[in-house]
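Notes follow the structure.
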Amino acid sequence: MTEAKIVEGTRILVIDDEEIIHTSLSKILSREGWRVEAAYSARDGLARLELERFDLVITDLMMPRMDGLHFLRALAKCTSVPVLMITGYPTIRTAIQAMRLGAVDYVAKPFTRKELLGPVRRALQPESAENAPVGGPAGTDALLLGSVYFLPHHAWARVEQNGSFLIGAEESFLRATGKVSTISAPGELVEQGHIGLWTTTEKGEEHGLIMPLSGRIVAVNRQLLRSPSGLHAGDWLLRIVPSRLDAELELLARRR
Amino acid sequence: MSLGDRLRRIPVAARLAAMMAGVLVVGIGTFGAVGLVHSRRQALKAVRSDARRLVRSLERALRGQMLRKGADLGDSVARIARPGGVESLTLTSHKGSIRYATRKKVIDTTVKIGDARCTGCHPGGGRGHHGTELKSAVQILERPMVARATMPILNARECSTASCHAHSATETVLGVLEIDVSYRSTARMLRTQRLVLVALLVAIVGITTPLVFLLVRRWVGRPVAQLLRGTRHVARGEMDLVMPVGGGELGELTAAFNVMQERLRTGQRQIVISEKLASVGKLAAAVAHEINNPLTGILTFAEELSEDSAEDDPRRRDYEVIRHETLRCRQIVRRLLDFARQEQPSMRRLRAADVLDDTLALVGRLAVFHDIRIVREEAEDLPGLLGDPSQLQQVFLNLLVNAAQAMPQGGTLTIRGALDGEAMIHLDFVDTGQGIREEHVERIFEPFFSTKQGESSGLGLAVCLGIIEQHGGAIVVSSTVGVGSTFRVSLPAARPDEKPVSIADPQPGRDR
Numbered sequence: 001m002t003e004a005k006i007v008e009g010t011r012i013l014v015i016d017d018e019e020i021i022h023t024s025l026s027k028i029l030s031r032e033g034w035r036v037e038a039a040y041s042a043r044d045g046l047a048r049l050e051l052e053r054f055d056l057v058i059t060d061l062m063m064p065r066m067d068g069l070h071f072l073r074a075l076a077k078c079t080s081v082p083v084l085m086i087t088g089y090p091t092i093r094t095a096i097q098a099m100r101l102g103a104v105d106y107v108a109k110p111f112t113r114k115e116l117l118g119p120v121r122r123a124l125q126p127e128s129a130e131n132a133p134v135g136g137p138a139g140t141d142a143l144l145l146g147s148v149y150f151l152p153h154h155a156w157a158r159v160e161q162n163g164s165f166l167i168g169a170e171e172s173f174l175r176a177t178g179k180v181s182t183i184s185a186p187g188e189l190v191e192q193g194h195i196g197l198w199t200t201t202e203k204g205e206e207h208g209l210i211m212p213l214s215g216r217i218v219a220v221n222r223q224l225l226r227s228p229s230g231l232h233a234g235d236w237l238l239r240i241v242p243s244r245l246d247a248e249l250e251l252l253a254r255r256r
Numbered sequence: 257m258s259l260g261d262r263l264r265r266i267p268v269a270a271r272l273a274a275m276m277a278g279v280l281v282v283g284i285g286t287f288g289a290v291g292l293v294h295s296r297r298q299a300l301k302a303v304r305s306d307a308r309r310l311v312r313s314l315e316r317a318l319r320g321q322m323l324r325k326g327a328d329l330g331d332s333v334a335r336i337a338r339p340g341g342v343e344s345l346t347l348t349s350h351k352g353s354i355r356y357a358t359r360k361k362v363i364d365t366t367v368k369i370g371d372a373r374c375t376g377c378h379p380g381g382g383r384g385h386h387g388t389e390l391k392s393a394v395q396i397l398e399r400p401m402v403a404r405a406t407m408p409i410l411n412a413r414e415c416s417t418a419s420c421h422a423h424s425a426t427e428t429v430l431g432v433l434e435i436d437v438s439y440r441s442t443a444r445m446l447r448t449q450r451l452v453l454v455a456l457l458v459a460i461v462g463i464t465t466p467l468v469f470l471l472v473r474r475w476v477g478r479p480v481a482q483l484l485r486g487t488r489h490v491a492r493g494e495m496d497l498v499m500p501v502g503g504g505e506l507g508e509l510t511a512a513f514n515v516m517q518e519r520l521r522t523g524q525r526q527i528v529i530s531e532k533l534a535s536v537g538k539l540a541a542a543v544a545h546e547i548n549n550p551l552t553g554i555l556t557f558a559e560e561l562s563e564d565s566a567e568d569d570p571r572r573r574d575y576e577v578i579r580h581e582t583l584r585c586r587q588i589v590r591r592l593l594d595f596a597r598q599e600q601p602s603m604r605r606l607r608a609a610d611v612l613d614d615t616l617a618l619v620g621r622l623a624v625f626h627d628i629r630i631v632r633e634e635a636e637d638l639p640g641l642l643g644d645p646s647q648l649q650q651v652f653l654n655l656l657v658n659a660a661q662a663m664p665q666g667g668t669l670t671i672r673g674a675l676d677g678e679a680m681i682h683l684d685f686v687d688t689g690q691g692i693r694e695e696h697v698e699r700i701f702e703p704f705f706s707t708k709q710g711e712s713s714g715l716g717l718a719v720c721l722g723i724i725e726q727h728g729g730a731i732v733v734s735s736t737v738g739v740g741s742t743f744r745v746s747l748p749a750a751r752p753d754e755k756p757v758s759i760a761d762p763q764p765g766r767d768r
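So, in structure tokens, the structure goes:
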């Protein structure tokens, strides 16, 4: 993975109140040749960001005194550094909101090395910071056949007949990962906010595609899974029957 | 304890019996007393007229005797008076001297002018004739029990012309005949009558009161005591006492009580399950938050160790085990949390058949359904219901997939739909699979209970039950090992005018 090293001297600030997270992150990230700095509170992190230059901020969503969302708002005022959220599962909802607020991506704890490295690499891509997420909240608008909802930088879901949804990868995800060479076979169920499919790029990097909705998979695009090199943002990958549609749609953005 | 309290403690059977006895005593007693007084009056009237008749006949008989020469009047008098009939007889002259008497002692004594025998002619007690009440008179005496009848003996022509020349023609009244007629037998009869009445009363009360007591205790007391026992049982939280149902209103009450118990039992079970779910949710959130950070550490180090160790390092496999098991922990925590965030349904008017159509259209594509024949037997005219289509679809999907998984060798999955009365729609999912063991049937809706070792989270049916209960319905299962299982989903039918109301959906009824 030596060729994956992006720039020597890439500096990453990790903000978390738990020592073990710092230890884990620095273990994984320093292996890639990046320099990892630690801050133990959001306030501390903001202070460091005002004085120093960082290429990426990785922050916990739930910390004492200032939560991740407040932190994101405060950060947006002083710098344009890309922010990657890490979160315990209870705040998936907040994590998705965080992406709508400008975080480039998020990773759920506990994470494996490849689950962390994919988003970090995508976030370190030069263009990632520029495309702030778009699209208004989906709200409770009428669910029309063909409507498309999406999780920024990951996947979209399109309303189909029989109450099922088709799921595909977002344009920005494919751009950040580069050409896909293989796609892993999915399981039976998918969960909103969790990785449902793994792609491997020609460079050998693995990227997890986070699912926009929870549900049971009723079909997979076998042809595409066999030869994914031509994967396009418009192609569907999975067909699912959603299980928590009402609560989950609210969290997604809607393409108009 | 006050008297009122003490009275209230007496069983209802005893109170009813006592009341019954009281009513009988007062009723029969009054009736009997009136009858007795009447019959006494009648009897005394008869005694009186008998005495009068007797004294008249005696007067006539004695008159004949007296006129007969050489007759022994004393002997006649003695013969007339017999014990039990005429108790005593006196013949008194108008001058007051007793000439003949059954009691020999009083013969030749003089009667005072105030005597009852004299008052007919001498009402004031004076010597002169003040009135001539020359008729018989009867007086009832209490002690001795006799009717005392008097009869004046009037002068007649043959008296003064008789050979004895005892009376002159100028006299009006020659004397007075007085007899005492006993009415002891009548009195005895009356007393017997009174005794019979009292005995009858005692007998009636003595028989009916215990009878009423026993019957009331059997028909009322026992079922009421049983209900009381049942109620106390329920109050203690035990709802397993099914009571035998008798007849009548109390029988209906007992039956209703049993039904109530059954409902309570179901309700309690559901409450226990939902409480379990709620506490599982809270626990899950707390555990997940606490455990995810250490799990992150373990995962990172396990991966590090695994990758850094040499290919032939025997510990490499151990590190892999740690990594793998940590990932399993993560999966468990995620499932827990998944389950904890069950959503409120967003209701709209729909037809169960439409949701089933949609679900079956999707399910048909799954490999597990390849050898399964699906038969639909739903009533055509099933009414609509209020429900969340995506949640109901999730439930149907779960039940269908479960049914298919129970038939790995293939089989038939029958879906029946019927209306129960007007309120509930029953959807039966009947499979011809391996069935569920009896000890598992009660538990399959419990969270984290699974018979599919490791393959299932054990949450599918618990989530289904949660969804259906939020729709005001129920799921019950019946199963026979080797024959198959039936899952019955019952959902309340929508009334024709019923509008969907939902907290989750701010614009109800709007088509999505």
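Those protein sequence lines, which keep their order, are chains A and B.
For the first sequence, counting from 1, position 82 maps to 82 in our numbering; every step adds exactly one.
In short: position in the second sequence from 1, add 256, done, that's our numbering.
Just so it is clear, CB atoms sit at the ideal spot from N, CA and C, and this is done for glycine as well.
Residue i to residue j span [Cα, whole Å]
i, j, result
"L612/B", "D627/B", "19 Å"
"L124/A", "D55/A", "7 Å"
"P748/B", "R93/A", "33 Å"
"E546/B", "M62/A", "12 Å"
"R572/B", "E202/A", "28 Å"
"P110/A", "D574/B", "20 Å"
"G118/A", "A185/A", "18 Å"
"R642/B", "M663/B", "The sequence shown places Leu at residue 642/B, not Arg. Those two C-alpha atoms are separated by around 32 Å."
"G370/B", "L397/B", "17 Å"
"G691/B", "T736/B", "5 Å"
"T177/A", "Q97/A", "23 Å"
"C78/A", "I12/A", "17 Å"
"A76/A", "V83/A", "10 Å"
"A558/B", "P570/B", "15 Å"
"L252/A", "H154/A", "11 Å"
"G486/B", "M495/B", "8 Å"
Terminal residues of the beta strand (DSSP E) in which residue i lies
i, result
"F272/A", "Because chain A is modelled from 1 through 256, residue 272/A falls outside the range shown and cannot be assessed."
"I183/A", "V180 to I183"
"V686/B", "M680 to D687"
"P748/B", "G740 to P748"
"R373/B", "It is not in any beta strand (DSSP E) - R373/B carries neither H nor E in the DSSP assignment."
"G643/B", "L641 to G643"
Spatial neighbours of residue i in its chain, beta-carbon cut-off 7 Å, leaving aside the 5 residues before and after
i, result
"E188/A", "R216 and I217"
"P64/A", "D17"
"M322/B", "L329"
"S30/A", "V36"
"L197/A", "I183, S184, P186, L209 and L237"
"A674/B", "A635 and H682"
Rounded Cβ spacing between residue i and residue j (contact assumed at less than 8 Å)
i, j, result
"S227/A", "Q192/A", "Not really, about 28 Å apart at Cβ, beyond 8 Å."
"L618/B", "N162/A", "6 Å"
"P242/A", "S646/B", "6 Å"
"V651/B", "C720/B", "5 Å"
"L214/B", "V733/B", "Any question about residue 214/B goes unanswered here, given that chain B covers just 257 to 768."
"E702/B", "A718/B", "7 Å"
"I435/B", "L345/B", "5 Å"
Endpoints, the alpha helix (DSSP H) within which residue i is located
i, result
"V461/B", "R440 to V472"
"M495/B", "Run containing M495/B: none; DSSP gives neither H nor E here."
"H22/A", "E19 to R31"
Neighbourhood of residue i by C-beta, 8 Å cutoff - its chain only, sequence neighbours within 5 removed
i, result
"L622/B", "V657 and A660"
"G477/B", "P267, V268 and A269"
Beta-carbon proximity list for residue i, same chain, < 6 Å, skipping 5 on both sides
i, result
"I363/B", "I354 and A357"
"G139/A", "The predicted model places G139/A with a pLDDT of 48, which falls under 50 and marks its position as unreliable, so this point remains unresolved."
"D235/A", "G168 and L224"
"S349/B", "R355 and G431"
"V303/B", "A403, Y439 and T442"
Whole runs of the beta strand (DSSP E) within the region 88 to 129 of chain A, excluding any shorter than 3 residues: List check, beta strand (DSSP E) in window: 105 to 108.
For the region 34 to 89 of chain A, list the alpha helix (DSSP H) runs that are entirely contained and at least 4 residues long, ordered along the chain. Whole alpha helix (DSSP H) segments, 4+ residues: 42 to 51 and 68 to 78.
Threshold first: 3 residues or longer. Then list the beta strand (DSSP E) segments lying entirely within the region 562 to 620 of chain B, N to C. Counting whole runs of 3 or more residues, the region 562 to 620 of chain B contains the beta strand (DSSP E) stretches 604 to 606.
Completely contained beta strand (DSSP E) runs for the region 186 to 219 of chain A, where each covers 3 or more residues: Fully enclosed beta strand (DSSP E) runs of 3 or longer: 195 to 201 and 206 to 210.
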